[in-house]
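Residue numbers (my numbering): 3 to 225.
Where is the CB? At the ideal position from N, CA and C, for every residue including glycine.
First up is the structure itself, then whatever we jot down about it.
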Amino acid sequence: MATQAIQTARTGGVSEMLAALVEADGSGAQGYAHSADLLSGRHATRNLADAAHYLCVLHGRHPGVIDLAATKTVHAAARGWLIDAADGFARERGYLTRITVAAGPIPSTPGQAECEAAVMGQHHALEMLAQSDRIGCALGAAIALIMDWKAIRRVLDTAAERLSIPIQPARLPDERETRTVAMAVAETPSVERALGFGAQQILAQHRGLWAVLEARSAARPDY
3 MATQAIQTAR
13 TGGVSEMLAA
23 LVEADGSGAQ
33 GYAHSADLLS
43 GRHATRNLAD
53 AAHYLCVLHG
63 RHPGVIDLAA
73 TKTVHAAARG
83 WLIDAADGFA
93 RERGYLTRIT
103 VAAGPIPSTP
113 GQAECEAAVM
123 GQHHALEMLA
133 QSDRIGCALG
143 AAIALIMDWK
153 AIRRVLDTAA
163 ERLSIPIQPA
173 RLPDERETRT
183 VAMAVAETPS
193 VERALGFGAQ
203 QILAQHRGLW
213 AVLEARSAAR
223 PDY
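In structure tokens:
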């Protein structure tokens, strides 16, 4: 999948590559993220609570991926985007926290300690990625997070609706603006590759999270 997206970059530019990566490997491509088990099934409430808790572990802390990327990105074309993205994601973090608190305790699941350790490891990996000194890497991660958040937001909105929490409109940079920033920053092949690498890595962590959540759902008793 990622190889196909990289091939797209050779014909459509870095913005097309990033969009193709998110489409092929992002949260929207993970079956569990839009499954009935998660969104509407008999155990959807506890599965959504589980998702909210672990998304909060991954993205509910400050500074997050975008905040850290802003300290590593000096390209003038990206500064305004990063400010808007950081402000918008601060609102998303608050929304995620409200959902997580309303959902109550994390569902009891066999292998709880191992799951906690795995997702904390993912969080640490994202922190390291967002602080990379490789020019373009941290920004690529931030861009992929914003682009992939649309699919994650659908899960959060479903959880909010079940918990009677008002759905909060997202105020993140739109895809057109995000693509424009990527194209402006990718002034050399090495920066373009770094943008792609950062995007691939954050999408890999999201894939890993959905796999953990699906395994946890399957491991819980059916009652």
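Whole-angstrom Cβ separation of residue 68 and residue 87, contact assumed at under 8 Å? 5 Å
In this structure, how does DSSP classify residue 189 when only helix, strand and coil are distinguished? coil
Once the 5 residues before and after residue 206 are set aside, which same chain residues still bring their CB inside 8 Å of it? 27
Cβ shell of residue 48 (< 6 Å), same chain only, five flanking positions each side left out: 109
Beta-carbon contacts of residue 135 that lie in its chain and below 8 Å, excluding the five residues immediately before and after: 74
Quick one: Cα of residue 130 to Cα of residue 64, how far? 14 Å
To which residues of the same chain is residue 121 closer than 7 Å at the C-beta, ignoring the five residues directly before and after it? 56, 59, 60, 211, 214
List the endpoints of the continuous alpha helix (DSSP H) containing residue 227. One cannot answer for residue 227 here, as it falls past the ends of the chain, which runs 3 to 225.
Any C-beta of chain B under 8 Å from that of residue 33: Among the protein chains of the structure shown there is no chain B, as only one such chain exists.
Same chain, Cβ closer than 6 Å to residue 169, neighbours up to 5 away in sequence not counted: 159, 162
Would you report the Cα separation of residue 39 and residue 51, rounded to the nearest angstrom? 12 Å
Among residues of its own chain, excluding the 5 on either side of residue 153, which ones have a beta-carbon nearer than 7 Å to its beta-carbon? 28, 29, 30, 35
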